[in-house]
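In our numbering, the protein residues as written are 402 to 645. Ideal Cβ positions, reconstructed from N, Cα and C, are used throughout, including at glycine.
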């Protein structure tokens with residue numbers, strides 16, 4: 402069988418499987434749907450539609466766990482929520498909202514099971530997710546002030562954020578925006594530390610115009626401070642697009 406025909410056959414098989422899953426979902430047969438998907442992933446770990454099927458699985462787990470909790474079956478509810486956490490590392494990057502719901506629901510469930518240590522862990526994780534979501538939205542609103550040239554506003558608002566609440570992407574923006582704001586206000590000494598801290602968050606990204614801009618601003622900062630050796634180093638990095 403040709404490769405193209407094989408792929409088409411696999412895809413048609415998966416379409417039928419997905420339609421079967423959606424039928425179970427509509428009939429609220431969530432546990433049945435969960436068991437089918439687990440068996441499918443075990444036999445076909447590299448399934449073509451893995452992400453779509455995974456999303457159906459996540460939704461079924463959420464529905465089944467909530468139903469078990471509502472029925473007072475907290476052990477089953479916790480067991481199902483634990484299934485969701487097998488995807489924790491993926492969800493950290495994809496969906497803060499789903500993770501927050503899982504953590505907060507788990508905190509409620511384990512409180513009924515008198516698992517105080519687990520309760521504290523999940524409660525703390527839920528709080529961290531909330532802090533992360535709030536901080537990300539604040540960073541976005543501050544970025545609008547930044548592109549509008551309101552540098553005093555940027556410095557005033559961004560410095561009250563806890564950088565530890567930010568993900569890697571927003572940590573880079575945090576340091577870059579403070580550094581650039583100080584640069585445009587001609588506070589070169591203050592700008593340097595923040596701009597240099599921002600490099601690590603951008604240096605491994607391909608075709609990175611932000612990194613070039615950071616190098617250029619660092620070069621000008623050092624030149625203004627008559628530190629020509631450092632200024633020339635960053636000038637070369639900016640023009641040669643060399644990572645450090």
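| Asked | Found |
| --- | --- |
| For residue 561, does the count of other Cβ atoms within 10 angstroms reach 16, so buried, or fall short, so exposed? | exposed |
| Write down the C-beta distance between residue 466 and residue 454 rounded to the nearest angstrom, noting that I regard them as a contact closer than 8 Å. | Not really, about 18 Å apart at Cβ, beyond 8 Å. |
| Going by C-alpha distance, which of 525, 550, 554 is nearest residue 539? | 554 |
| With distance defined between alpha-carbon atoms, name the residue in 625, 419, 431, 624 nearest to residue 451. | 419 |
| Suppose the cutoff is 8 Å on Cβ atoms and the five residues either side in sequence are ignored; what does the same chain contact list for residue 434 look like? | 422, 425, 426, 457, 458, 461 |
| Indicate whether the contact test is met: 3 or more Cβ pairs, each with one atom in the stretch 594-614 and one in the stretch 624-633, closer than 8 Å. | no |
| What residue from 567, 512, 581 has the CA that sits closest to residue 549's CA? | 581 |
| Please name the residue in 436, 430, 588 whose C-alpha comes closest to that of residue 464. | 430 |
| Start and end of the alpha helix (DSSP H) containing residue 589? | 589-600 |
| Within its chain, find whatever has a CB closer than 8 Å to the CB of residue 345; leave out the 5 residues flanking it on each side and keep chain order. | One cannot answer for residue 345 here, as it falls past the ends of the chain, which runs 402 to 645. |
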